[in-house]
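The sequence shown begins at 0 in numbering that gives the first Met the number 0 and counts up one residue at a time.
For each residue, glycine too, the CB sits at the ideal point set by N, CA and C.
None of these values were measured; they are calculated from a predicted model.
To keep things clear, I will list the structure first and then write my remarks on it.
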Amino acid sequence: MHFRQSRYKVNSHQMIIKAGDTAEDAQKLIGKKVSWTSPTGKVISGTISALHGRKGNVRAIFEEKGLPGQALGQKVKVQ
0 MHFRQSRYKV
10 NSHQMIIKAG
20 DTAEDAQKLI
30 GKKVSWTSPT
40 GKVISGTISA
50 LHGRKGNVRA
60 IFEEKGLPGQ
70 ALGQKVKVQ
């Protein structure tokens, strides 16, 4: 959905992802691996760490490298 951000800073290592319709659906995904594949074939992976709100959103942390802006609005794979 979007980067996790504050008033003056955008954190590209943390993303907010729509994972389900309710918080109970999203709770089941915490601790799983998530990956995004770029159009060139490069795979960037991370981990789902926590819930974000009560509407089914989760926070994913990409340790090695943050996601680029072109990843916004695209689908990710959860393993």
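Check	Outcome
For A25, the first and last residue of its enclosing alpha helix (DSSP H)	22-26
C-beta atoms of A49 and V57 nearer than 8 Å	yes
Straight-line gap, P38 to Q73 (C-alpha atoms, nearest Å)	11 Å
Residues that T36 bridges to, as DSSP identifies them	V42
Supposed contact pair W35 and V75 - C-beta distance, whole angstroms, cut 8 Å	5 Å
Distance between beta carbons of G55 and D20, contact taken as under 8 Å	5 Å
DSSP three-state assignment for A70, whether helix, strand or coil	helix
G68 classed as buried or exposed, judged by whether at least 16 other C-beta atoms fall within 10 angstroms	exposed
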